[in-house]
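Some notes on the structure that comes next.
In the numbering used here, the protein residues as written are 106 to 357.
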C-alpha cells in the first residue's frame, strides 16, 4: 500500500476586490506573497479576458495588475505561466481561432510587460496550447502541448522540452526523449516540475508513439531529464495510481 501523506486542506477566503471569477485553462504563478492568474475559459473554448489578476495572501483580496509596457493584446485560454525571481513568464495558449507562440515577461516590481519574442521567428517552441511550463533560477522550460486542436484542424501533440536561457535570451531544444525511450508519448496536460536540478515529466493525455496505437488516453509514464548528463531516465512507480485517474481530460 502506498504511504498516505498527512495534511489538511483549507478553503481560502477571498475577501473581495476585482478577481478572475470561476474559470479553467488559465495560467498561475506565485511571486513572494502574491499569486498571479492570466487567461482561461468559463465557457468551453471561449477565452475570457486579457487581465493579469493578483491575489494577495496577506489581505486575501484580488486586484488587476497594471498593464504597462508591451502587454498581451489577445485573450487566451490554455496558456501557461511560471515565475523566476520577481518576473513572470507567459507562453502560448489560444483563442477561438488559433494557437499562439508569443512569449512575454512581466516584472512584478516595475509592473511592466515585455514582449520577448514571437517564437516561430526565433527557433523556439511552436504555437501550442495545454502545454506545461516549469523553471529554475536560469531557465524557463516548455514541454508538450497541443497544436491545431479543438476547433482547429487535426490535433498534433509535442514530446520535447524547449529551454529558454534567461541570461542570453535564446531557446534550445533538449534531447528528444523518444530517441532514448521509443515508448515516450507525445502529450498535453502533463505534470512538469524541476526538482533538485532534474526536470520531471509526469503523466498527461497522450498520443501513442505507435502509428497503429490509440490516441486520447491518460499516460502512466514518469520520466526525468538530467541537464548535467543530458540523459533521460524512466522511473518505475509503485502503489495505487490515483494521479493518473485524476489526469485532466483536455480534449481540445
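For every residue, glycine included, the Cβ atom is placed at its ideal position computed from N, Cα and C.
Backbone secondary structure at residue i - three-state DSSP
{"i": "residue 146", "result": "strand"}
{"i": "residue 173", "result": "strand"}
{"i": "residue 331", "result": "strand"}
{"i": "residue 257", "result": "Here the model assigns residue 257 a pLDDT of 44, short of 50, so the residue's position is not dependable, and the following value carries that caveat. Reduced to three states, the DSSP call for residue 257 is coil."}
{"i": "residue 308", "result": "coil"}
{"i": "residue 324", "result": "coil"}
{"i": "residue 161", "result": "strand"}
{"i": "residue 167", "result": "strand"}
{"i": "residue 244", "result": "strand"}
{"i": "residue 288", "result": "coil"}
{"i": "residue 239", "result": "strand"}
{"i": "residue 278", "result": "strand"}
{"i": "residue 233", "result": "strand"}
{"i": "residue 110", "result": "coil"}
{"i": "residue 122", "result": "strand"}
{"i": "residue 76", "result": "With the chain covering only 106 through 357, there is no way to say anything about residue 76."}
{"i": "residue 313", "result": "coil"}
{"i": "residue 128", "result": "coil"}
{"i": "residue 352", "result": "Confidence in residue 352 is poor, its pLDDT being 44 and thus under 50, which makes the residue's placement too unreliable to answer from."}
{"i": "residue 228", "result": "coil"}
Distance, residue j Cα to residue i Cα
{"i": "residue 201", "j": "residue 150", "result": "6 Å"}
{"i": "residue 307", "j": "residue 248", "result": "11 Å"}
{"i": "residue 244", "j": "residue 167", "result": "29 Å"}
{"i": "residue 206", "j": "residue 197", "result": "5 Å"}
{"i": "residue 219", "j": "residue 156", "result": "15 Å"}
{"i": "residue 120", "j": "residue 332", "result": "43 Å"}
{"i": "residue 152", "j": "residue 199", "result": "8 Å"}
{"i": "residue 298", "j": "residue 188", "result": "12 Å"}
{"i": "residue 313", "j": "residue 110", "result": "32 Å"}
{"i": "residue 175", "j": "residue 253", "result": "26 Å"}
{"i": "residue 275", "j": "residue 242", "result": "15 Å"}
{"i": "residue 295", "j": "residue 163", "result": "31 Å"}
{"i": "residue 222", "j": "residue 209", "result": "7 Å"}
{"i": "residue 117", "j": "residue 126", "result": "14 Å"}
{"i": "residue 229", "j": "residue 324", "result": "26 Å"}
{"i": "residue 136", "j": "residue 204", "result": "27 Å"}
{"i": "residue 288", "j": "residue 335", "result": "19 Å"}
{"i": "residue 112", "j": "residue 264", "result": "34 Å"}
{"i": "residue 340", "j": "residue 327", "result": "5 Å"}
Reference residue i; option with closest CA among the options
{"i": "residue 279", "options": "138, 211 and 269", "result": "269"}
{"i": "residue 147", "options": "191, 183, 336 and 241", "result": "183"}
{"i": "residue 310", "options": "237, 126 and 272", "result": "237"}
{"i": "residue 191", "options": "338, 162, 212 and 173", "result": "212"}
{"i": "residue 177", "options": "163, 165, 228 and 193", "result": "193"}
{"i": "residue 304", "options": "330, 335 and 289", "result": "330"}
{"i": "residue 139", "options": "165, 241 and 114", "result": "165"}
{"i": "residue 322", "options": "337, 262 and 287", "result": "262"}
{"i": "residue 337", "options": "290, 302, 160 and 282", "result": "282"}
{"i": "residue 171", "options": "214, 180, 186 and 285", "result": "214"}
{"i": "residue 267", "options": "273, 134 and 231", "result": "231"}
First and last residue of the uninterrupted beta strand (DSSP E) at residue i
{"i": "residue 283", "result": "No beta strand (DSSP E) contains residue 283, which is instead part of the alpha helix (DSSP H) from 282-285."}
{"i": "residue 337", "result": "336-339"}
{"i": "residue 270", "result": "266-270"}
{"i": "residue 358", "result": "With the chain running from 106 to 357 in the structure shown, residue 358 is simply not present."}
{"i": "residue 117", "result": "Run containing residue 117: none; DSSP gives neither H nor E here."}
{"i": "residue 291", "result": "291-293"}
{"i": "residue 153", "result": "Segment: none, residue 153 is in no beta strand (DSSP E) and carries neither H nor E."}
{"i": "residue 179", "result": "Unbroken run through residue 179: none, as it is neither H nor E."}
{"i": "residue 134", "result": "132-136"}
_As an exercise, report each continuous beta strand (DSSP E) stretch of at least 3 residues that is fully enclosed by the region 186-221, in chain order._
Taking 3 residues as the minimum length, the beta strand (DSSP E) runs contained wholly in the region 186-221 are 192-196 and 207-212, in order along the chain.
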